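Participant: The structure follows.
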Amino acid sequence: MKTLIVFSHQYFKTSRTNKAMLEAVKGLEGVEVRNLDQIYGSDIFKIDIKKEQEFLNQAQNIIFQFPLFWYSTPPMLRAYQDEVFAYGYAYGDNAAALKDKNFYIATSSESSKDDFSENGVNKFSLETYLLPLIRTASFTKMKFKGVFTSYSAFSASDEEVAEFARKYREFILNLGK
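For the sequence shown, the UniProt record's numbering assigns the number 1 to the initial residue and increments by one for each residue that follows.
This is the structure we're talking about:
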């Protein structure tokens, strides 16, 4: 495995955009998807830390894919960070499990790109809201490589959703190039 997509969406059953994005990369060689909510439900205490760390160990590219919830990650992805990125594994004295791995964020938002600006309804850029993840990558010695964003995802037409998915597949296929 070269690329690990750590995915969380607590309302996946009703998702259009993230569902299409995952479908677009399904079966790609070297790509593994860990759908946390599907694997563990909503019980954050069921996360198999060692197993998830093994998946991370095998990956060069790590992608956190999620819809933006209240300017942050969904609860299961937050719990994953707390539990799997443990002291002694991801950070701390001599911890280097994630060192030099490439870290990406793939997110969707109901807000438009213009909404994420000083003059927009959200008042700040999307990257500002993603700073905790970007800093986590740095703190664990990963290389932050960028963000793939699907704006206005909830109100997108079927054609726009298909285009998000096509672009996401292209994004995944071009990692590291």
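Every residue gets a Cβ at the ideal spot worked out from N, C-alpha and C, and that includes glycine. Here the structure is a predicted model, which means the values were calculated and not measured.
1. Taking only the alpha-carbon atoms, compute the straight-line gap between E159 and H9 and give it to the nearest angstrom.
2. When you compare only the Cα positions, how much space is there between Y11 and V161?
3. Determine the direct distance from the alpha carbon of N122 to that of Y104, and round the result to whole angstroms.
4. In this structure, does DSSP put V121 in helix, strand or coil?
5. Ends of the alpha helix (DSSP H) at A137?
6. Could you tell me whether the Cβ atoms of L4 and Q58 are closer together than 9 angstroms?
7. Is there contact between the segment 104-121 and the segment 63-75, where contact requires at least three CB pairs shorter than 8 angstroms?
8. Between P75 and S42, is the Cβ-Cβ spacing less than 9 angstroms?
9. With three or more C-beta pairs closer than 8 angstroms as the rule, is the segment 128-143 touching the segment 90-99?
10. In this structure, does DSSP put Q10 in helix, strand or coil?
11. G120 to Y129, Cα distance in whole Å?
12. Label D37 either buried or exposed according to how many other C-beta atoms from any shown protein chain fall within 10 Å of its C-beta, with 16 as the threshold for buried.
13. Are L131 and K113 closer than 9 angstroms when you measure CB to CB?
14. Hey, N102 and Q53 are a contact pair by Cβ (cut 8 angstroms); roughly how many whole angstroms apart?
15. Which class does Y91 belong to by DSSP, given the choice of helix, strand or coil?
Facilitator: Put simply:
1. Sequence index remark: in the sequence shown, residue 159 carries index 159 (1-based). Sequence index remark: in the sequence shown, residue 9 carries index 9 (1-based). If you draw a straight line from the Cα of E159 to the Cα of H9, it comes to about 22 angstroms.
2. As a first step, residue 11 is located in the sequence shown; it is residue number 11 there, counting from the start. As a first step, residue 161 is located in the sequence shown; it is residue number 161 there, counting from the start. So the alpha carbons of these two residues sit roughly 17 angstroms apart.
3. For the purposes of this step, residue 104 is taken as the residue at position 104 of the sequence shown. For the purposes of this step, residue 122 is taken as the residue at position 122 of the sequence shown. The C-alpha of N122 is placed about 22 angstroms away from the C-alpha of Y104.
4. For the purposes of this step, residue 121 is taken as residue 121 along the sequence shown, with counting starting at 1. In the structure shown, V121 sits in coil (DSSP, three-state: anything other than H, G, I, E or B).
5. Here the question's residue 137 lines up with position 137 in the sequence shown. Per DSSP, A137 belongs to the alpha helix (DSSP H) from L131 to F139.
6. Reading the sequence shown from its first residue, position 4 is the one you call residue 4. Reading the sequence shown from its first residue, position 58 is the one you call residue 58. With contacts defined by Cβ atoms closer than 9 angstroms, L4 and Q58 form a contacting pair.
7. Short answer: they touch.
8. Counted from its first residue, the sequence shown places residue 75 at position 75. Counted from its first residue, the sequence shown places residue 42 at position 42. Yes, they are a contact pair.
9. Cβ pair count under 8 angstroms is three or more, so yes.
10. Along the sequence shown, one-based indexing puts residue 10 at 10. Coil.
11. As a working note, residue 120 is residue 120 in the sequence shown. As a working note, residue 129 is residue 129 in the sequence shown. Whole-angstrom Cα-Cα distance: 14 angstroms.
12. Counting from 1 along the sequence shown, the entry for residue 37 is found at position 37. Here D37 is buried. Its C-beta has 16 or more other C-beta atoms within 10 Å.
13. Locating residue 131 in the sequence shown gives position 131, counting from the first residue. Locating residue 113 in the sequence shown gives position 113, counting from the first residue. Not closer than 9 angstroms, so no.
14. On the sequence shown, position 102 is the one that residue 102 refers to. On the sequence shown, position 53 is the one that residue 53 refers to. Incorrect: roughly 17 angstroms between the Cβ atoms, too far for contact.
15. Locating residue 91 in the sequence shown gives position 91, counting from the first residue. Three-state DSSP puts Y91 in a strand.
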